[in-house]
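Residue numbering for the sequence shown follows the working numbering, starting at 5 and increasing by one per position. All residues carry an ideal CB built from backbone N, CA and C; glycine is no exception. The model shown is predicted, which means the values in this text are computed figures rather than measured ones. Contents: one structure, followed by commentary.
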Amino acid sequence: MDRSAEEVCDPCILAILGAARAPKSSRGRETLYPGTQYFGTSRHEMEFLTRHGVTHFDATVDGYDTDTLIRHKEEAAENGVELEMIHIPWQEEIGLAQDPDRDKAIDKVCGWIENAAKAGLRGLNYNFLVLRADDAGGGVQRTERRSGRGGSTCSSFELSKYDNEKRYAAGDVSREECFERAAYYLERIIPVAEENKIQMACHLNDPPAPVLNGVEKWNYPVFEGLKRFSELVDSECHGFNFCCGVAAEGLEDPSKELAPIVKYFAERKKIFNVHFRNIHGGLHDFTETWPDEGDVDMREIVKVLHEAGYKYMLMPDHAPHHPDDVAPEGVTGRVRQAWAFQFGYIIALIQAVRSEI
């Protein structure tokens, strides 16, 4: 007797065989879905996404005025992709508490929030940095690249090899002062976000550490730091662009410690976007890996998010590099094999977890 694929295949095989059925709209969804970042809205980039089952994303845009955002949203929609969020550039005066320029920069962010609402976006991803974006590797501290599978190379950090004595524009800043600066910022932008129904999703400082270059990271210890940041203002519009990789980088044993942290913030509806990244190692010594070979069971992370009612995007973040895997000239996005692999991996995990619930 002939049997259907559903009868003969286990959930993981069905996940690989099945096409991703992404939601028509990012608002009002009941479950999580694949997304991405670092892509513009050209037809070439949008076709790359839809070929690989991704129809929602955080776009790289060429301006933050309303007309430009609407144009990008319409260009994506013409190709069957929904532009949900954008990542706004960090204004260094805010993290450095440089007055009066700090207030001018905050006013600029408030304007971007209003523009995002007019363009029909769901939210804005942002960073809160004290080490400036043009300091210490663009705001992300790393050491050498390490070997990965298939001739790829992976980003890494090893504190013993890092020049931690060097000081940048911020100088020495305590964790308490970092939180004071964050509160000053949030108390001014979140009311505007509430008025415009825009989710403000803060990315974690990368990597978490007790102190780097004189600055005590606000998200270390990881859970305590994130909890305190989440409570600086009380608002449904205040939450995280939760990077699994960054959180894992600040833990002694990410394989055991990460999932409970994800669960805590997902259950409290404080996660508005997820960067789906894995690592080997942990605090003070880690390597970013392909998502299927790190120390964290990423299937468990998807399951925790799903059970907690998280209903937004899971997206690749950093990816290993290879000289044969480069984006075509003139394309802003990650039109690469490494990203295609990660899309398929995320889609398969989502479908496998859904089949069990």
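Proximity to residue 267 across 243, 277 and 309 peaks at 309, based on C-alpha coordinates.
Contact check between the stretch 207-217 and the stretch 258-265: fewer than three CB pairs, one atom from each, fall below 8 Å, which does not count as touching.
Each of 153, 199, 48 and 279 was checked against the Cα of residue 320, and the nearest Cα belongs to 279. Judged by DSSP secondary structure, residue 259 falls within the alpha helix (DSSP H) whose first and last residues are 258-271.
For residue 330, the number of other beta carbons within 10 angstroms of its own is below 16, and it is reported as exposed. Bridge partners of residue 282 according to DSSP: 293. In this structure, residue 316 lies away from residue 282, with their beta-carbon atoms at least 9 Å apart. For residue 207, the three-state secondary structure derived from DSSP is strand.
Ranked by how close their Cα comes to the Cα of residue 286, the residues 171, 162 and 166 have 162 in first place. In the DSSP secondary-structure assignment, residue 178 is not bridged to any residue.
The alpha-carbon of residue 325 is positioned some 10 Å away from that of residue 341. Between residue 64 and residue 336, the gap from beta carbon to beta carbon is short of 9 Å. Every alpha helix (DSSP H) of 4 residues or more that sits fully in the stretch 61-111 is shown, in chain order, as 70-82 and 96-100.
Under the three-state reduction of DSSP output, residue 219 falls in the strand class. The criterion of a C-beta distance shorter than 9 Å is not satisfied by residue 306 and residue 275. Distance from the CA of residue 349 to the CA of residue 51, rounded to the nearest whole angstrom, comes to 19 Å. Under the DSSP definition of a beta bridge, residue 243 partners with 205. Taking a cut-off of 8 Å for Cβ pairs, the stretch 288-296 and the stretch 144-154 touch, as three or more such pairs fall below it. In this structure the stretch 64-74 does not lie against the stretch 103-111, because fewer than three pairs of beta carbons, one per stretch, are closer than 8 Å. Ranking 80, 96 and 117 by CA distance to the CA of residue 109 puts 96 first. Rounded to whole angstroms, the gap between the alpha carbons of residue 304 and residue 314 is 14 Å. Note that the C-beta distance between residue 176 and residue 218 is below 9 Å. Its Cα nearest to that of residue 179, the residue 99 stands out among 339, 53 and 99.
Secondary-structure assignment with DSSP links residue 149 through a beta bridge to 159. Taking a 10 Å sphere around the C-beta of residue 47, we find fewer than 16 other C-beta atoms and assign the residue as exposed.
Its chain contains 242, 243, 244, 269, 272 and 274 as the residues whose beta carbon lies nearer than 8 Å to that of residue 234, once the 5 sequence neighbours on both sides are disregarded; these appear in chain order. Excluding sequence positions up to five before and after residue 250, its CB lies within less than 8 Å of the CB of 207, 208, 209, 210, 211, 212, 223, 279 and 281, all in the same chain and listed in chain order. Around the beta carbon of residue 299, 16 or more other beta carbons lie within 10 angstroms, which makes this residue buried. Counting along the chain, the unbroken beta strand (DSSP E) around residue 40 starts and ends at 40-43.
About 16 Å separates the beta carbon of residue 42 from that of residue 94, a gap too long to meet the 8 Å contact definition.
The stretch 154-172 and the stretch 78-93 do not touch, with fewer than 3 CB-CB distances between them shorter than 8 Å.
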